[in-house]
Structure formats: structure tokens, C-alpha cells
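S.K.: Numbering (the working numbering), first residue to last: 36 to 449.
A virtual CB, placed ideally from N, CA and C, is assigned to each residue, including glycine.
Just so we're clear, the structure is a prediction, and the values are computed from it rather than from any experiment.
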Amino acid sequence: MSSDQTHVIVGASLAGAKAAETLREEGFDGRIVLVGSEEERPYERPPLSKDYLRGEVGREKVYVHEENFYVEHDIELQLGRTAVALDTDSFELELDGGERLSYDRLLLTTGAEPRRLSVPGAELDGVFYLRDVRDSDALRERFDRGGAVVVVGAGWIGSEVAASARQRGLDVTVIEPASVPLERVLGKEIGAVYGEVHVDHGARMLMGTGVEVLEGNGAVERVRTSDGRVIDCDFVVVAVGVQPRTALAADAGLAISNGIFVDARLRTNAPGVFAAGDVANAQHPFYDEPIRVEHWANALNQGPAAARNMLGQTVPYDRLPYFFSDQYDVGMEYSGLARGCDRVVVRGDLAEREFVAFWMFEDRVMAGMNVNVWDVTEEIRRLIGERIPVTDRQLADTDLPLEQLATTTRRSVA
Ligand SMILES: Cc1cc2nc3c(=O)[nH]c(=O)nc-3n(C[C@H](O)[C@H](O)[C@H](O)COP(=O)(O)OP(=O)(O)OC[C@H]3O[C@@H](n4cnc5c(N)ncnc54)[C@H](O)[C@@H]3O)c2cc1C
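1) Cβ atoms of V228 and L385: under 7 Å apart, would you say?
2) When you measure from the CB of I192 to every non-hydrogen atom of ligand 1, does any distance come out below 6 Å?
3) Do E400 and I419 have their C-beta atoms within less than 7 Å of each other?
4) For L437, which residues of its own chain have a beta-carbon under 6 Å away from its beta-carbon, when the five flanking residues on both sides are left out?
5) Give me the Cβ distance between P351 and R300, rounded to the nearest whole Å; I'm assuming they're in contact under 8 Å.
6) What residue range does the alpha helix (DSSP H) around L130 cover?
7) According to DSSP, is E211 helix, strand or coil?
8) Is any non-hydrogen atom of ligand 1 found closer than 6 Å to the C-beta of G133, if you look at the structure I gave you?
9) Specify, as a first and last residue, the run of the beta strand (DSSP E) that S194 falls within.
10) Just list the residues that DSSP pairs F358 with in beta bridges.
11) State the Cα-Cα distance for the pair D167 and V186, rounded to the nearest angstrom.
12) Once you ignore the five residues that flank A183 on each side, which residues in its own chain have a CB closer than 6 Å to its CB?
13) Should R166 be listed as close to ligand 1, given that the test is whether its C-beta is under 6 Å from any heavy atom?
14) According to the neighbour-count rule (16 or more other Cβ atoms, all chains shown, within 10 Å of its Cβ), is Q202 buried or exposed?
15) Count the C-beta pairs between the stretch 66-74 and the stretch 110-117 that are closer than 8 Å, then say yes if the count reaches three, no if not.
16) Between which residues of its own chain and H319 is the CB-CB distance below 8 Å, once the five residues before and five after are set aside?
17) Which whole-angstrom value describes the C-beta separation of V99 and E79, a residue pair presumed to lie in contact below a C-beta threshold of 8 Å?
18) Which whole-angstrom value describes the C-beta separation of F309 and V297, a residue pair presumed to lie in contact below a C-beta threshold of 8 Å?
19) Report the rounded CA-to-CA distance for G403 versus I225, giving the unit in angstroms.
20) Report the CB separation of P77 from A47 in whole angstroms; it is logged as a contact under 8 Å.
21) Where are the alpha helix (DSSP H) runs, 4 residues long or more, that stay fully inside the stretch 259-309, in chain order?
22) For V45, verify whether its CB is less than 6 Å away from any heavy atom of ligand 1.
23) Taking only the alpha-carbon atoms, compute the straight-line gap between V314 and D434 and give it to the nearest angstrom.
24) Rounded to the nearest angstrom, how far is the Cβ of M395 from that of R382, given a contact under 8 Å?
25) Could you tell me the alpha carbon to alpha carbon distance between A284 and D179, rounded to whole angstroms?
26) Counting Cβ pairs closer than 8 Å, one from the stretch 90-98 and one from the stretch 37-45, do we hit at least three?
27) Please state whether DSSP places W409 in a helix, a strand or coil.
28) Can you tell me the Cα-Cα spacing of E102 and E75, whole angstroms?
29) Grab the span of the alpha helix (DSSP H) containing Q429 for me, first residue to last.
30) Would you say the beta carbon of E169 comes nearer than 6 Å to a heavy atom of ligand 1?
31) Secondary structure at S137, three-state DSSP: helix, strand or coil?
Here you go:
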């Protein structure tokens, strides 16, 4: 490892910060520059729709590292700086203001940004998005004033914001074109459980309809839905998904396909340039196809894997996707990918909201979600990762410990 090398990371968030940490941990003693558009040092976003948004924890709880970490590890943190151009022939990165940085290795962890609502009135005041800590601060202040909020979109972030708003006592209406919340990931049956949770906590769930127009005099005052309803409100939160921030990479001619396309070692098609986190569509050895994961654990683990590959190690990123969500008193963890599944098997009690759901293809578990059931993630991941054949009956049988199922085969437990 040569101390005259410079490794630059663009995107000072979870993936980027963990990559910088790993470069040092692995003994890289050259220059590390971590460039981030935000003024804030790297922080974690999950609290921004949960306890931080509700005002239950402060700013100090969200940071990835202590304030002095970067100085202590000789990591140059360039905050409030945006990388505006990348020249992969000359190995140079240009920052706003014109400064040019030469790199030996470059890691792009530019993340994702919220999709915008494109209906008339979307530019009115009082229309909020949630991605960064300033967005969460602004929304928290708005929550403090109470009133009625319309949440557009019942994906993870929309659902969590709706739950936090109800927990703060606001009047909440959720508008979602699908028939149940989270339908795209969970399907109708399990998504319906979340729909009921929200209704039980007093949220109005308008499913199967979209937003036609936002109306108001300067600021939003009401939402018209595509099925003709009119909902008066004081503000609106739009949570209709995110898109990978690929502009810098695309302008530099990197291969883009649902994000920055990288191989299993997180290498782009440009020499010395890697990508990780929400922005990376990475060839996955287990799935044998590229996947892009917009979740915390992926950023947490892919950043370090990229760093090791930047140092010349051979570290294919093969972790199964994992994420978590908390809404009211319902916590969950989800492992795997429910692609191509033909049915869902439930272990436990949907009505009690204490269960594990398994997404199945033939006799294999493709994904599993534990809801208010804890310490089973390892077993679920083993069932998926080791492709252990199981029957629906075995999975649904709560007398048969998952631990046993995950360490054995169908024949020996039947
Ligand atoms: C409100 C909220 C709640 C969430 N809750 C959960 C949860 O409960 N569970 C879960 O698993 N996941 C959750 N997530 C998702 C998780 O936070 C993301 O997967 C994770 O933040 C991705 O990290 P990242 O480092 O890849 O990218 P990001 O966190 O998106 O960071 C990218 C950074 O790069 C910077 N940047 C972009 N372009 C440039 C440039 N050209 N120059 C300099 N800097 C640039 C951006 O400003 C940003 O700071 C949540 C996300 C949000 C927004």
C-alpha cells in the first residue's frame, strides 16, 4: 500500500463514511477525501422518519461517527461540496468552485433522491419531501404546529411518516394507488396487515386512488384525488419512491442501468472507479443478476466491501438484502428478495401482528419477514441463502423451531 495514493469518495453518507473507515482499518495510509454535498457530517437516515422526526431523539443520535473521528483517522471531509464532473481518462474529479482532485481510486456513493410529484399544484408551499436531515427538521417543525396532513404514497417512508404523524396527534390521510400499503414489496395479503395497523391508529387510508391536483392559494390547502374526493389539509408529504443519483456517473460515460452498473466487486466500467449503496446496481452472485437495494444495511455493508476491492482485495458482495421498518408498535425485519415467488406462507398470527411471512418458490424460501417476532433473522437468512428445501406445513408449524428447520433438510424433519 503506497502512501502517495489518493482515494476519493463522492457522497458523505452511510456507504461513503463506512468505506472511508474501512480503507483506514485495512491499513491504507494514503490520502482519503470524502466529499459530500450536505453540510452535515455523515449520518443515518432511518431515524429521520421515526424517532428523530417525532422529536424523541436529537441530532447527536443520527451520526455515523463521532465528530472527531475524521480528523483522528486523517480523512479529509469536504462537506458542502458537490462533485460536478468526472474525467475517467485523466483520473480527475471536479468539485463545484472548479477545484480538481486527482484520484487513484474513486468510489461513488451518491445515493438516491426522492421522485417528485408531477401534478398541478405540486410546487405549492407546504409540500414536503423527506430525504435529508433538513427535510426531517422542517417536517418536525410542521408536525409541532399540528393540523391535517396528506401523505402521498404508502411505501416504507410514506407509511413511517404517516405513523409518526399519527403518533404526534395529527390528522392523517394516506393516498396510494395500490390496493394496500407496501403492496409492491409485500403483496396484498401482508400489505393489508399494515393497512389495518394504520386504520387502527386513526389514519384515513385512501387506497386505489392517486393525486389529481393539489390546490391552494400559495400554499397547499386541499388535495383532489383521481376518484373525485377532496381532502382538506394543512400540508402534504410526498413519498413516491426514490431514484438513484446517477448524473455525475452518466455524464462521465459510466454504464448506467437502474443506477450505476457495477460487477460483483462493485467496479464500474471505468478503471479505478467503484460504486456502492443506493446508487449501485450490483451484479449479485447469489441471484446471478444485478440488484439495486435502497436500504440501510446495504449501504452499511457495501461501502466496506467496495473499500476492500479498491485496495485490490477480491471481495464479491454477496450479502442477501435486508431491511427493517418501525410503524407504531409494529417492528419488522425483511430478508431476501420476493422475486418470482408463487405463494406466501404465514407462521404465527396475522391478526395479532406477530408472525413470520415467507415468500416461496416451489420448496424454497425466497424472502422472509418477521413482524414483532425477534431473533429469527439468522434462521431466515440461512433458509434462503443455503436454499434449504422446506414444505409449507413445516414453515407454518410454530411447534417446529425455525432453528431446526434452518439446520436440517425436509427429509430429516418431516
Ligand atoms: C427518511 C428515510 C428513512 C429510511 N428508513 C430506513 C429504514 O427504516 N430501514 C432501511 O433499511 N433503510 C431506510 N432508509 C434507506 C437508507 O437510509 C438508505 O438506503 C441509505 O441512506 C443509503 O445510503 P447511501 O450512502 O448509499 O446514500 P445516501 O444516504 O442517499 O447518501 C448519498 C449522499 O451523497 C451526496 N451526494 C450526491 N451526489 C453528490 C455529488 N455529486 N457530490 C457530493 N455529494 C453528493 C448526497 O448529498 C448524500 O449525502 C431510509 C431512508 C430515508 C430517507
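M.R.: A quick look at the data gives this:
1) Taking the sequence shown and counting its residues from 1, the one referred to as residue 385 is at position 350. Taking the sequence shown and counting its residues from 1, the one referred to as residue 228 is at position 193. Contact flag set, yes.
2) The residue labelled residue 192 in the question sits at position 157 within the sequence shown. Result yes, Cβ under 6 Å from ligand 1.
3) In the sequence shown, counting from the first residue as 1, residue 400 sits at position 365. In the sequence shown, counting from the first residue as 1, residue 419 sits at position 384. In the sequence on display, residue 400 carries Val and not Glu. Going by C-beta atoms, V400 is nearer than 7 Å to I419.
4) On the sequence shown, residue 437 is found 402 positions in, with the first residue counted as 1. For L437, where only same-chain residues beyond five positions count, the Cβ hits under 6 Å are V411 and E414.
5) Your numbering for residue 351 matches position 316 in the sequence shown. Your numbering for residue 300 matches position 265 in the sequence shown. Correct: roughly 6 Å between the Cβ atoms.
6) Along the sequence shown, one-based indexing puts residue 130 at 95. No alpha helix (DSSP H) holds L130; the beta strand (DSSP E) holding it covers E127 to L130.
7) Counting from 1 along the sequence shown, the entry for residue 211 is found at position 176. Correct three-state label for E211: strand.
8) The count along the sequence shown starts at 1 and reaches residue 133 at position 98. Because no heavy atom of ligand 1 lies under 6 Å away, the Cβ of G133 does not count as near it: no.
9) Along the sequence shown, one-based indexing puts residue 194 at 159. From DSSP, S194 is part of no beta strand (DSSP E) but of the alpha helix (DSSP H) over W191 to Q202.
10) Mapped onto the sequence shown, residue 358 falls at position 323. Paired residues: Y369.
11) Position 132 of the sequence shown, counted from the start, is the residue given in the question as residue 167. Position 151 of the sequence shown, counted from the start, is the residue given in the question as residue 186. When rounded, the distance between both Cα atoms is 17 Å.
12) Here the question's residue 183 lines up with position 148 in the sequence shown. D206, C268 and D269.
13) On the sequence shown, residue 166 is found 131 positions in, with the first residue counted as 1. It does: the Cβ of R166 is within 6 Å (strictly closer) of some heavy atom of ligand 1.
14) Numbered from its first residue, the sequence shown carries residue 202 at position 167. Q202 is buried by the Cβ-count criterion.
15) yes
16) Taking the first residue of the sequence shown as position 1, residue 319 is located at position 284. Here the set comprises A299, P325, I326, Y352 and D353.
17) Numbered from its first residue, the sequence shown carries residue 99 at position 64. Numbered from its first residue, the sequence shown carries residue 79 at position 44. With a Cβ gap of about 6 Å, V99 and E79 count as contacting.
18) The count along the sequence shown starts at 1 and reaches residue 309 at position 274. The count along the sequence shown starts at 1 and reaches residue 297 at position 262. So it is a contact: roughly 7 Å between Cβ atoms.
19) Within the sequence shown, the letter at position 368 stands for residue 403. Within the sequence shown, the letter at position 190 stands for residue 225. Taking the straight line joining both Cα atoms gives about 12 Å.
20) Looking up residue 77 in the sequence shown gives position 42. Looking up residue 47 in the sequence shown gives position 12. Confirmed, about 5 Å.
21) 282-286
22) The residue given as residue 45 occupies position 10 in the sequence shown. Yes, the Cβ of V45 comes within 6 Å of a heavy atom of ligand 1.
23) Mapped onto the sequence shown, residue 314 falls at position 279. Mapped onto the sequence shown, residue 434 falls at position 399. Spanning the two alpha carbons is a distance of roughly 42 Å.
24) On the sequence shown, residue 395 is found 360 positions in, with the first residue counted as 1. On the sequence shown, residue 382 is found 347 positions in, with the first residue counted as 1. About 12 Å separates the two Cβ atoms, so there is no contact after all.
25) Reading the sequence shown from its first residue, position 249 is the one you call residue 284. Reading the sequence shown from its first residue, position 144 is the one you call residue 179. If you take the alpha carbons of A284 and D179, they lie about 40 Å apart.
26) no
27) Counting from 1 along the sequence shown, the entry for residue 409 is found at position 374. In this structure, W409 counts as coil in the three-state DSSP scheme.
28) Residue mapping note: residue 102 aligns to position 67 of the sequence shown, counting from 1. Residue mapping note: residue 75 aligns to position 40 of the sequence shown, counting from 1. Computed Cα separation, rounded: 10 Å.
29) As a first step, residue 429 must be located in the sequence shown, where it is residue number 394. Q429 -> alpha helix (DSSP H) spans D427 to A431.
30) Taking the sequence shown and counting its residues from 1, one reaches residue 169 at position 134. Per the sequence shown, residue 169 should be read as Arg rather than Glu. Outside the cutoff, so no.
31) Mapped onto the sequence shown, residue 137 falls at position 102. Strand at S137.
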